[in-house]
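Notes for the one structure printed next.
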Amino acid sequence: MSPHYLKPHVERALEQRQNEYIVNVKIMFSNQLKSGDLSLRTSTISETRTLGQVADDWTVLVRNGAYVCNPTYGVLAHGVRTSTMKMEKFAEIRDNILHDSRPFIPRTKVQYIALEALENNALILTHSQRMGIDDSDIDS
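Be aware that the sequence shown starts at 1, since it is given in full-length UniProt numbering, and climbs by one per residue.
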């Protein structure tokens, strides 16, 4: 679909559902990625959350089989000695990383930890939210 028609198409899908939770949601930006995925931006984080919570109600009108993905934020740390890490102790490793990072990134939650496949000296962390940024800072 042409970028020119994408945003109005999504806005029509939201309007057609007449859902009280999404009636005032404002789509600020829409884009179709090379993968075919649609990227939507709303004016606030709370609007984005609302769209995600009622996704089953409106995504079917955008595209058959469409669904909402929750973004994650990753960090690839090189030079970390991973040869002694045992991934079966995931909870302990995660807790240690969170404890050590708390002064620098107070509100982060580690969702995924993995070792880089080719080299045993890189650690991959995936976070469930932007590190160190409170949603209230973004909405204001």
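Beta carbons are placed, not taken as given, at the ideal position from N, Cα and C, and that holds for glycine.
Report the partner residues of residue i according to the DSSP bridge assignment.
i   : result
R41 : F29
Any idea if residue i is buried or exposed, counting beta-carbon neighbours within 10 angstroms, 16 or more meaning buried?
i   : result
L98 : exposed
A91 : exposed
S30 : buried
E15 : exposed
P8  : exposed
Expressed to the nearest angstrom, what Euclidean distance is found between the alpha-carbon atoms of residue i and residue j?
i    : j   : result
R102 : N64 : 42 Å
K26  : H4  : 17 Å
Y67  : K89 : 33 Å
A13  : N24 : 13 Å
Y34  : R94 : Checking the sequence, you will find Lys at residue 34 rather than Tyr. Approximately 34 Å between the Cα atoms of the pair.
V54  : T48 : 10 Å
I45  : I22 : 13 Å
E20  : W58 : 12 Å
G10  : V62 : Note on residue identity: the sequence assigns Val, not Gly, to residue 10. Rounded to whole angstroms, V10 to V62 spans 6 Å at the Cα level.
M1   : R17 : 21 Å
L40  : T50 : 13 Å
M85  : N96 : 12 Å
L38  : M87 : 34 Å
L6   : M28 : 12 Å
Does any C-beta atom of chain B lie closer than 9 Å to the C-beta of residue i?
i  : result
M1 : Judged by its chain identifiers, the structure shown contains no chain B, having just a single protein chain.
Since residue i is in the alpha helix (DSSP H), which residue starts that stretch and which ends it?
i   : result
Q16 : P3 to R17
A91 : F90 to S101
A55 : A55 to V62
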